Amino acid sequence: MRSFFRYFLILIQLLLLVGSSYSQITRPLTSRPNIIVIVADDLGFGDLACYGNKNHQTPNIDKLAREGIKFLDFHSNGVVCSPTRASLLTGKYPQSTGITGVITAKSHRDVGLDANETLISEILKGNDYKTGIIGKWHLGYDTIYSPVKQGFDIFKGYVSGNVDYNTHFDLENHFDWWSNTSKSDEAGYTTDLITKHALSFIDQNKSNPFFLYIAHEAPHAPYQVRDSRPERTGDPGFKPEPVTDKRKLYGQMIGIMDEGIGEIITALDKYKILENTLILFLSDNGATEVGSNLPFKGQKGQVWEGGHRIPMIAYWKGVAAPQVTDELLMTMDIFPTISELTGSKIPENVQLEGRGFRNILLNRAFHSTERPVFWSFKNSGAVRKGKWKLVRENQDYYLYDLSKDSGETESVFKQFSSTAKQLVDLLVRWERKMSAIPAKS
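For any residue, its number in the working numbering is found by taking its place in the sequence shown, counting from 1, and adding 93.
As structure tokens, then:
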């Protein structure tokens with residue numbers, strides 16, 4: 094009798110454990126999780142401690158990676174700022190939106206992401222989500238392109254590629270700090286202001302499902318910390334002091350961003366909504382020469398791996414089991430993933446080019462079908478299919494087996510001519526298709 098009772102207790106415990114695990118996995122399907130997407134600016138694959146950096150201290154981001162999912166083969170759709178942001182919000186290749194390059198402060202003040210595009214913010218707002226963007230927009234300077242006219246309830250931040258961290262003037266000496274569609278003369282260090290407004294948004298919407306897009310300026314130039322002297326004041330004749338310790342400041346800027354992310358995690362925990370919040374952290378492209386893209390070749394603005402293979406972390410307490418994945422994914426895949434997780438309906442006329450990876454987040458089998466993915470910028474292009482990557486620089490082609498040569502050190506174009514020809518044909522056809530869409534930048 095005692096033996097039967099003991100086995101009975103063990104069976105009950107096993108059923109409870111199975112039930113607990115099942116409820117963790119299925120809970121997001123019956124609720125509407127909060128979504129926070131945090132995008133760092135010009136942060137390289139090798140710039141975080143959790144990705145091997147020995148100099149930068151990033152304890153809060155490291156915690157997300159340690160207790161969440163760390164992606165090793167995640168790529169930005171663009172190799173510069175604006176294109177990747179267009180892909181994130183539309184779920185499409187940036188070339189499909191016409192945003193092929195940087196929307197510069199000097200030459201593109203009259204263009205932006207077409208209002209006819211359907212953004213993930215609009216999809217979620219239609220599903221009764223509260224939506225906010227804090228930080229960098231970079232998809233149109235004119236207020237006709239304002240985020241609050243494209244599905245976001247609030248916008249606090251700047252519209253250009255970068256601003257002086259303390260004075261908030263852009264590269265053309267235009268003051269660039271906004272509250273929705275009005276300029277806001279708000280003092281403070283950009284990274285701290287982004288954290289402040291993100292915390293305010295969470296506080297105001299903690300009882301509602303929300304989507305929060307936190308677009309950090311760090312660690313993009315200018316290289317400044319809280320007590321740095323200004324580099325731009327609004328006076329075109331102003332001569333800033335030269336910055337001699339860029340790498341040191343760069344690391345400190347990443348550290349300040351990490352502090353803010355820690356505050357956000359603490360707030361979510363305090364409000365008891367951390368377990369119902371998916372946090373995605375990623376970069377918009379590779380780092381410049383000041384940062385680290387190790388162990389990859391190339392940097393921002395190039396289609397080599399270092400220009401677009403980026404750190405990406407997904408954290409969802411109690412739902413996404415800690416793991417490391419080498420699934421090939423891109424920024425445009427975030428849109429369909431979020432729509433699937435939130436049960437948000439995508440209109441039939443919206444043709445997404447990304448694919449969802451919800452099952453990875455829910456610890457389920459992810460049956461990926463091999464697909465070619467593409468990059469294009471100025472006179473360069475690239476296509477990746479499985480382990481093979483073809484790079485075009487002007488009229489020269491290079492082929493790499495990334496499973497053996499992820500650093501793209503030795504082209505095998507001639508040795509695998511049949512594979513090379515297939516990929517050249519894929520890239521040519523894709524670039525021809527994209528070239529039919531008018532480019533805005």
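Virtual Cβ for every residue (Gly too), placed ideally from N, Cα, C.
Being a predicted model, the structure only gives us computed values, none of them experimental.
For residue i, count neighbouring Cβ atoms within 10 angstroms of its own Cβ and tell me buried if that reaches 16, exposed if not.
i, result
"ASN442", "exposed"
"ILE530", "exposed"
"VAL417", "exposed"
"ARG477", "buried"
"PHE331", "exposed"
"ARG402", "buried"
"PRO329", "exposed"
"PRO315", "buried"
"VAL521", "exposed"
"PRO187", "buried"
"ARG525", "exposed"
"MET435", "It should be noted that the sequence gives Thr, not Met, for residue 435. Under this definition THR435 is a buried residue."
"HIS168", "buried"
"PRO240", "buried"
"ALA513", "buried"
"ALA380", "buried"
"SER461", "exposed"
"ASN146", "buried"
So what does DSSP say about residue i, is it helix, strand or coil?
i, result
"GLY500", "coil"
"TYR493", "strand"
"TRP230", "coil"
"ALA311", "coil"
"ARG477", "strand"
"VAL484", "strand"
"LEU212", "coil"
"SER469", "strand"
"GLN150", "coil"
"ASN452", "helix"
"PHE303", "strand"
"SER385", "coil"
"SER376", "strand"
"PHE248", "strand"
"ILE196", "coil"
"THR435", "coil"
"ILE162", "strand"
"SER175", "helix"
"GLN416", "strand"
"VAL521", "helix"
"PRO238", "In the sequence under discussion, the amino acid at residue 238 is Tyr, which differs from the Pro named in the question. Helix at TYR238."
"TYR186", "coil"
"LEU341", "Residue 341 is actually Lys in this sequence, not Leu. Here LYS341 sits in helix by DSSP."
"TYR408", "strand"
"ILE287", "helix"
"LYS62", "This structure cannot speak to residue 62, because the chain is shown only from 94 to 534."
"MET527", "helix"
"TYR144", "helix"
"ALA513", "helix"
"SER293", "helix"
"PRO333", "coil"
"PHE428", "helix"
Are there any heavy atoms of the ligand NAD lying less than 7 Å away from the beta-carbon of residue i, as far as the coordinates show?
i, result
"LYS249", "Questions concerning the ligand NAD fall outside what the structure shown contains, since it holds no ligand whatsoever."
What residues match up with residue i in a beta bridge as DSSP calls it?
i, result
"LEU181", "Per DSSP, none; premise fails for LEU181."
"HIS168", "ARG402, MET423"
"TYR565", "The requested residue 565 does not occur in the structure, where the chain is confined to residues 94 to 534."
"TRP270", "Answer is none; TRP270 lacks a bridge partner."
"ASN127", "THR370"
"TYR225", "According to the sequence provided, residue 225 is Gly. The question's Tyr does not apply to it. The partner list for GLY225 (beta bridge, DSSP) reads ILE247, LEU305."
"GLY205", "GLY233"
"PHE262", "PHE268"
"ALA133", "SER376"
So residue i and residue j are supposed to be a Cβ contact under 8 Å. How far apart are they, rounded?
i, j, result
"LYS393", "VAL256", "Not a contact, Cβ separation roughly 18 Å."
"VAL396", "ALA475", "4 Å"
"TYR306", "THR283", "Rounded, the Cβ-Cβ distance is 16 Å, inconsistent with contact."
"ASP134", "PRO312", "7 Å"
"TYR364", "LYS299", "4 Å"
"THR177", "ASN378", "6 Å"
"ASN301", "GLY137", "Wrong, their Cβ atoms sit about 36 Å apart, outside the cutoff."
"VAL132", "HIS309", "7 Å"
"LYS482", "TYR493", "5 Å"
"ILE354", "ASN127", "Actually they are not in contact, since the Cβ atoms of ILE354 and ASN127 sit about 15 Å apart, beyond 8 Å."
"GLY391", "GLY399", "4 Å"
"PRO465", "LEU422", "Actually they do not touch by this definition, with Cβ atoms about 14 Å apart."
Problem set entry | Meets three-Cβ-pair contact criterion under 8 Å: the region 147-158 and the region 176-193 | no
Problem set entry | Validate contact between the region 422-429 and the region 441-459 using beta carbons, cut 8 Å, 3 pairs | Proximity of the region 422-429 to the region 441-459 meets the contact definition, three or more beta-carbon pairs being nearer than 8 Å.
Exercise. If you pair each beta-carbon of the region 197-212 with each one of the region 226-242, do three or more pairs fall below 8 Å?
Worked result: yes
Exercise. Three or more beta-carbon pairs under 8 Å between the region 331-345 and the region 213-224, yes or no?
Worked result: No, they do not touch.
Problem set entry | Segment contact flag, the region 403-410 with the region 363-375, C-beta cutoff 8 Å, min 3 pairs | yes
Problem set entry | Any 3 or more C-beta pairs closer than 8 Å across the region 262-275 and the region 237-251 | yes
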